[in-house]
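Q:
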Amino acid sequence: MMRIRELSRKLSALALVTCALATGGSGCKRAENDSGLPRAETLYVAGRQWGEPTTFNPIQSSVQWPVNTINLMYETLLLYNPLTGKMQPLLAESFEQHEDNVEVTINPNARWSDGKPLTGWDVKYSFDLGDKNRGLPMGPVWQYITAVRLLDAAGKEVADTPTDTPDYPRRLQFMLTKDAVNPLVVLDSLQDVRIIPRHVFEPMIQKVGLEATTNEKFDKEPVISGPYQLRQYSSEKIVTERRDDYWGNKVFHDGKKAVPRYVVHPIYKGNDHFSIALRQGTLDMSSTFVPRIWRKTEKGVHAWLDKAPYFTPTAMPMLLINVKHGALSDAAYRRAMAFSINYTDIRELAGSNYSEPLQPGIILPFGVEAPFFSADDAKQYGVTHDVARAKQALTEAGYKSVFNEKGDLVETRDKNGQRVPTVYIKSPTGWTDWEAIVKIAVRGMREAGIDAREKFVDGGVFWNELFKGDFDMIMNTPASPPSPSKPWSRFEAIMTTRDFAPEGEKVYKNMGRFNDPKAPGYIARIDQLLAKIPTMLDQAERVAAYRELNVIFMQQQPTIPLMYRPDQFYEFSTRHWTGFATGQNPYLPPQIPGERLGTGMLWSLKAVPQD
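Start counting the sequence shown at 451; every next residue gets the next number (the working numbering).
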């Protein structure tokens, strides 16, 4: 594989020759970013890669861009449209939900980049890997399915023995677990699990084993189904190139190719770098936090909406609390913390006023979740910013705050007069909006008499500590991506005990170890509601169940929601490209190319002629 500088020299030479032919030898303007890639054919996107790439293996959990996004290289069966709340076809041309299964039918035109058809055998193999190895990205769904069955056109089950026959199976049934019926999770997996080529992975795993296969980088012409192929990467950028023979061109785009020949992800160290690159026009799209975006309009930088809140909120950043750590096991202490935080400052100062005012609980009071939100419950049980209430809650629970002569907090003591250890709030270094949120939260807690401090850590360290529970409190956005299972999946991500594990063992839900099923005070009703809601068909019944679950959350305060925000920010520059989806022209949701449905934008962009 040639190095990126060599590729850049060759592409630059090619661009100059092409320009000379087109202009009669009058010469061409050098690419603004000096990368050698033709600027009029290159889309620069960012926000999904924060360090030097290490692997592009689709069965890795910590995979790099563009594999950590979905559908640029490895595609999913379906796509969820958060604008409509509906599922749309991709590798699967259709799906049906039945009482005991969810059935999908593969598009007969789907092909791998080596020309082989993408079949039901590939899909079954992709999911079956998770049944045998629950630590893989496709593993969690196997709590809710018992088998993936292959069917022929007549509905008869087909043996799982791939052949070269053109009459390959295209129908599959995902059989629901009888004692844990949950079609919501299955639908989530159909728009989330990357389908991999069986004819590549199966012989490799049989030869060297799963662990060795998982450690492979897959950085040299991997066999993929998506529209762009990995070409080069370095510590500075990752380069993908358009596949002109992509199967979806004919099926979804009337035979047209994606417009940009290259989609490139530059690698920056922090949000400020992304913001500057957008203003300068060296970056075309980003899903990072860009403060005060209205001030950048004159530079051609825009968001989904052209006025506040500028973005469509779909997620809730929170402070996850490790309830196994000292006073954090006390719901009264946790609620006092929640009372102490100035959510208006977070929204306006840290969040650039990019969302509506926060309401108590973890149900979004707008959009598709609005029917489940109760303003009456929020008023009766919820927590809002009130320093006096925070101090009162501490006093009533037996805590005492010690301040010095200047009014600065010295320490917090428990009901036995013992010092409560300092609570450290972790967040990744360089995530400027999160850093600002943590500072505001710490300031409010200390004012109320709670000994808290911020602790910013390297991004790689952050994720490891999050999953192992190595924190007092930590920033996170549980169940962030829009999906068919909202708001259930947000409750489940925070409160489930299904995969409960002690601190030190990796878990990917309930990282705060809330509601230990083996400890005194276990609230069985939480797990009962989480199990029951996905099976409910009656809307009134679901509303009642969600209200009850939200009240329990507000009473227990296992996390502290901080604000509303989009799952991914959506900013773009019109200096080199136009045709982006917007709130005024919502032909696609606010997702950048390479991120789910946003990939479809690559067929609608238009290059801006440069002087």
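Backbone N, C-alpha and C define an ideal beta-carbon position, used for all residues, glycine too.
#1: Label A995 either buried or exposed according to how many other C-beta atoms from any shown protein chain fall within 10 Å of its C-beta, with 16 as the threshold for buried.
#2: Which whole-angstrom value describes the C-beta separation of P647 and D572, a residue pair presumed to lie in contact below a C-beta threshold of 8 Å?
#3: Round the Cβ separation of N559 and A542 to the nearest angstrom and send it over; I've been treating them as touching at under 8 Å.
#4: Judging by CA-CA distance, which residue of V517, Q593, D550, K687 is the nearest neighbour of T947?
#5: Does the distance from the C-beta atom of P672 to that of M523 stay below 9 Å?
#6: Bridge partners for A765 per DSSP, in chain order?
#7: With a cut-off of 8 Å on the beta carbons, I'd call G811 and G832 a contact; round off their distance for me.
#8: Can the beta-carbon of D836 be found less than 9 Å from the beta-carbon of P931?
#9: Terminal residues of the continuous alpha helix (DSSP H) containing R784?
#10: Taking A736 as the reference, give the member of K1056, V1058, P1040, T794 with the closest Cα.
#11: Between I924, R742, K706, D780, which lies nearest to A891 when the distance is taken from Cα to Cα?
#12: Say the cut is 8 Å; is the CB of I796 nearer than that to a heavy atom of the ligand GTP?
#13: Using the Cβ count rule (16 or more neighbours within 10 Å means buried), how would you classify E661?
#14: Taking only three categories from DSSP, how would you classify F668?
#15: Thinking C-alpha only, which one of T764, P767, S725 is nearest V751?
#16: Return the residue from the list R644, P653, V552 that minimises the CA-CA distance to L586.
#17: Let me make sure I understand the geometry here. Which of T1009, I813, R863, R681 has the alpha-carbon closest to that of V713?
#18: With a CB to CB cut of under 6 Å and the five nearest residues on each side skipped, what residues in its chain are close to K746?
#19: Going along the chain, which residues of its own chain have a beta-carbon closer than 6 Å to the beta-carbon of V740, five neighbours each way excluded?
#20: State the start and end residues of the unbroken beta strand (DSSP E) segment that holds M625.
#21: Helix, strand or coil for R648, going by three-state DSSP, please let me know.
#22: For A481, does the count of other Cβ atoms within 10 angstroms reach 16, so buried, or fall short, so exposed?
#23: Does the beta-carbon of R1025 have 16 or more other beta-carbons within 10 angstroms, so that it is buried, or is it exposed?
#24: Give me the residue from T862, M945, G570, R584 with the minimum Cα distance to Y618.
#25: Quick check: the Cα distance between P763 and L770, rounded to an integer number of angstroms?
#26: Determine the closest residue to L916 out of M768, Y1037, Y849, R869, with distance taken between C-alpha atoms.
#27: Which residue's Cα is closest to the Cα of Q547: R963, F624, K582, E953?
#28: Starting from I418, trace the alpha helix (DSSP H) in both directions and tell me its first and last residue.
#29: Go ahead and pull the three-state DSSP assignment for S736.
#30: Just the Cα atoms here: how many angstroms apart are E953 and D826?
#31: Can you list, in chain order, the residues of its chain whose CB lies under 8 Å from that of T473, leaving out five sequence neighbours each side?
#32: Residue ranges of each beta strand (DSSP E) run of no fewer than 3 residues wholly in the region 495-563, ordered along the chain?
#33: Distance, Cα to Cα, L987 vs L529?
#34: Tell me which residues share the same chain as Y1037 and place their Cβ nearer than 6 Å to its Cβ, disregarding the 5 neighbours each side in the sequence.
#35: Leaving aside the five residues before and after A708 along the sequence, list all residues of the same chain whose C-beta is less than 7 Å from its C-beta, in chain order.
#36: For the beta strand (DSSP E) that T690 lies in, which residues bound it at each end?
A: Reading from the atomic positions:
#1: What you label residue 995 is simply residue 545 of the sequence shown in a count that begins at 1. Answer is buried; the Cβ neighbour count reaches 16.
#2: In the sequence shown, counting from the first residue as 1, residue 647 sits at position 197. In the sequence shown, counting from the first residue as 1, residue 572 sits at position 122. Right, their Cβ atoms sit about 6 Å apart.
#3: Along the sequence shown, read from residue 1 onward, the residue named residue 559 stands at position 109. Along the sequence shown, read from residue 1 onward, the residue named residue 542 stands at position 92. About 12 Å separates the Cβ atoms of N559 and A542, ruling out a contact at the 8 Å cut-off.
#4: Within the sequence shown, residue 947 is the residue found at index 497, counting from 1. Here the closest residue by C-alpha is Q593.
#5: If you number the sequence shown from 1, residue 672 lands on position 222. If you number the sequence shown from 1, residue 523 lands on position 73. Yes. Within cutoff.
#6: Looking up residue 765 in the sequence shown gives position 315. According to DSSP, A765 bridges with R1015.
#7: Here residue 811 refers to the residue found at position 361 when the sequence shown is read from its first residue. Here residue 832 refers to the residue found at position 382 when the sequence shown is read from its first residue. Correct: roughly 6 Å between the Cβ atoms.
#8: Within the sequence shown, numbered from 1, the residue matching residue 836 stands at position 386. Within the sequence shown, numbered from 1, the residue matching residue 931 stands at position 481. Not a contact, by the Cβ cut-off of 9 Å.
#9: Looking up residue 784 in the sequence shown gives position 334. First-last of the alpha helix (DSSP H) with R784: 781-790.
#10: Here the question's residue 736 lines up with position 286 in the sequence shown. Here the sequence assigns Ser to residue 736, which means Ala is not the residue at that position. Per the Cα distances, P1040.
#11: Taking the first residue of the sequence shown as position 1, residue 891 is located at position 441. Nearest of I924, R742, K706, D780 to A891, Cα basis: I924.
#12: For the structure depicted, the ligand GTP is absent and the ligand set is empty, with no information on it obtainable.
#13: If you number the sequence shown from 1, residue 661 lands on position 211. The residue in question, E661, is exposed, as its Cβ has fewer than 16 Cβ neighbours within 10 Å.
#14: Here residue 668 is taken as the residue at index 218 of the sequence shown, counted from 1. The answer is coil: DSSP assigns F668 none of H, G, I, E or B.
#15: Against the sequence shown, residue 751 aligns to sequence position 301. When each option's Cα is compared against that of V751, the closest is S725.
#16: Counted from its first residue, the sequence shown places residue 586 at position 136. L586 has its Cα closest to that of R644, out of R644, P653, V552.
#17: To locate residue 713, count along the sequence shown from 1; it is residue 263. The shortest Cα separation from V713 among T1009, I813, R863, R681 belongs to R681.
#18: As a working mapping, residue 746 is identified with position 296 in the sequence shown. Around K746: R729.
#19: On the sequence shown, position 290 is the one that residue 740 refers to. Same-chain partners within the cutoff: S725, E1021.
#20: Locating residue 625 in the sequence shown gives position 175, where the first residue counts as 1. Note, M625: beta strand (DSSP E), 621-626.
#21: Mapped onto the sequence shown, residue 648 falls at position 198. Residue state, collapsed to three classes: helix.
#22: Stepping through the sequence shown from its first residue, residue 481 is reached at position 31. Reliability of the predicted coordinates at A481 is poor, the pLDDT of 38 falling under 50, and the value obtained from them is presented with this limitation in mind. When all chains shown are included, A481 counts as buried.
#23: Position 575 of the sequence shown, counting from 1, holds the residue named residue 1025. Buried, since its Cβ has 16 or more Cβ neighbours within 10 Å.
#24: The residue labelled residue 618 in the question sits at position 168 within the sequence shown. When each option's Cα is compared against that of Y618, the closest is G570.
#25: Within the sequence shown, numbered from 1, the residue matching residue 763 stands at position 313. Within the sequence shown, numbered from 1, the residue matching residue 770 stands at position 320. If I take the Cα positions, the gap works out to 20 Å.
#26: Residue 916 sits at position 466 when you count from the first residue of the sequence shown. Checking every option, the nearest Cα to that of L916 belongs to M768.
#27: The residue labelled residue 547 in the question sits at position 97 within the sequence shown. Of R963, F624, K582, E953, the residue nearest in Cα terms is F624.
#28: The question about residue 418 has no answer here: the residues shown for the chain are numbered 451 through 1061.
#29: Counting from 1 along the sequence shown, the entry for residue 736 is found at position 286. Collapsing the DSSP output to three states places S736 in a strand.
#30: The count along the sequence shown starts at 1 and reaches residue 953 at position 503. The count along the sequence shown starts at 1 and reaches residue 826 at position 376. In a straight line, the C-alpha of E953 is about 36 Å away from that of D826.
#31: For this step, residue 473 is matched to residue 23 along the sequence shown. Note that T473 scores 32 on pLDDT, short of 50, meaning its location in the model is unreliable; the coordinates nonetheless yield the value given after this. Correct list: empty, nothing qualifies.
#32: 528-531, 536-539, 542-547, 551-556
#33: For this step, residue 987 is matched to residue 537 along the sequence shown. For this step, residue 529 is matched to residue 79 along the sequence shown. Cα to Cα, L987 sits roughly 23 Å from L529.
#34: Residue numbering aside, residue 1037 sits at position 587 when the sequence shown is read from its first letter. Taken in chain order, the residues that qualify are A1031.
#35: As a position in the sequence shown, residue 708 is number 258, starting the count at 1. If we look at A708 and ignore the five residues flanking it on each side, its Cβ neighbours are P677, R692, L1052, W1053.
#36: The residue labelled residue 690 in the question sits at position 240 within the sequence shown. 687-692 is the span of the beta strand (DSSP E), which, as asked, contains T690.
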